[in-house]
Structures are given as C-alpha cells and as structure tokens.
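>
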Amino acid sequence: MRMSLITYSTQSYTIMNLTSDRSKIHNSLEKIQNIVPTGAANMHEGFKKANEQIEKAIYGGNNAPSLIIGLTAGPLTPRTFEETKSELKDIVERNDQFYGVNSGFESLEDIVNM
Numbered sequence: 056m057r058m059s060l061i062t063y064s065t066q067s068y069t070i071m072n073l074t075s076d077r078s079k080i081h082n083s084l085e086k087i088q089n090i091v092p093t094g095a096a097n098m099h100e101g102f103k104k105a106n107e108q109i110e111k112a113i114y115g116g117n118n119a120p121s122l123i124i125g126l127t128a129g130p131l132t133p134r135t136f137e138e139t140k141s142e143l144k145d146i147v148e149r150n151d152q153f154y155g156v157n158s159g160f161e162s163l164e165d166i167v168n169m
C-alpha cells in the first residue's frame, strides 16, 4: 500500500509524495502533528493533488492499491462540497476503494491489517 500526506486550507500542500517507504511515512506523520488547521476548508484541492499523484503512479506502471482518508475540521461550504464530490467521483471511478467516515471509523475496520 502507498501513502501520501496532503494538507489543505485555501490551497493544498503535499507534505509527502505517494510512497510505500515506512520510514518516510513515519517521519511525515511526525511532521504533521503540530499543524493547526486555518483558512478555508477547500477539501477538493487536497483531493485534486491526491488524484494527480495516483494517476501519475498508474501511468508510470505502479498499480499498487491506494487509500485516501480525507479529514476536515469543520463543515464545507455548498460550493466546496460540490467540488469535493466531483473530485471524489474521479476517485471512485477507478478501482481504488473509497470509505466515507461521518462520525467514526467503522468503515475502515476491514483494512486495518492490510
């Protein structure tokens, strides 16, 4: 499994590019512990970056599974919600899996030991 860390507010920022290197993942997770959410909740900007990375990997011949977990600190505006749904549609149309998390992580239980 590959992982990337992308933050978003008004813009999105790639903290770590798509990788399966556990050491890079661990170091990047430590980096984001002190990030405080500020600005707009433009979740779609984060999903755009995720889509770009997954497509680049697929076209490069790396068809390993990808998992996207999107987190937000608050509600999305109606416009941002629609743009985010559009980005998610592109994700769902590929063979990757999408798990929605509303009030808990129950839908992720079957992938914990992946």
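The sequence shown begins at 56 in the numbering used here and counts up one residue at a time. Using N, Cα and C, we set each Cβ at its ideal position, and we do this for glycine too. Please read all numbers here as calculations on a predicted model, not as lab measurements.
Starting from SER78, trace the alpha helix (DSSP H) in both directions and tell me its first and last residue.
Where SER78 is concerned, the enclosing alpha helix (DSSP H) stretches over 77–87.
> Please look up how many angstroms separate the CB atoms of SER75 and MET56, rounded, as I've assumed it's under 8 Å.
Sure, about 6 Å apart at Cβ, within 8 Å.
> With H, G and I counted as helix, E and B as strand and the rest as coil, what does DSSP make of LEU126?
Three-state result, LEU126: coil.
> So the candidates are THR93, GLU148, ARG134, ILE123; which of them puts its Cα closest to the Cα of GLY101?
When each option's Cα is compared against that of GLY101, the closest is ILE123.
> Looking only at its own chain, which residues have a Cβ that is under 8 Å from the Cβ of ILE87, when we skip the five neighbours before and after it?
Contacts found: LEU60, THR62, ILE70.
> I think ASN106 touches ILE146, with their Cβ atoms under 8 Å apart; what is that distance to the nearest whole Å?
Their Cβ separation, rounded to whole angstroms, is 6 Å, which keeps ASN106 and ILE146 in contact under 8 Å.
> Within this structure, are the beta carbons of THR139 and LEU126 separated by less than 8 Å?
Result no, Cβ atoms of THR139 and LEU126 do not sit closer than 8 Å.
> By how many angstroms is the C-alpha of ASN97 removed from the C-alpha of SER141?
Cα-Cα distance, rounded: 13 Å.
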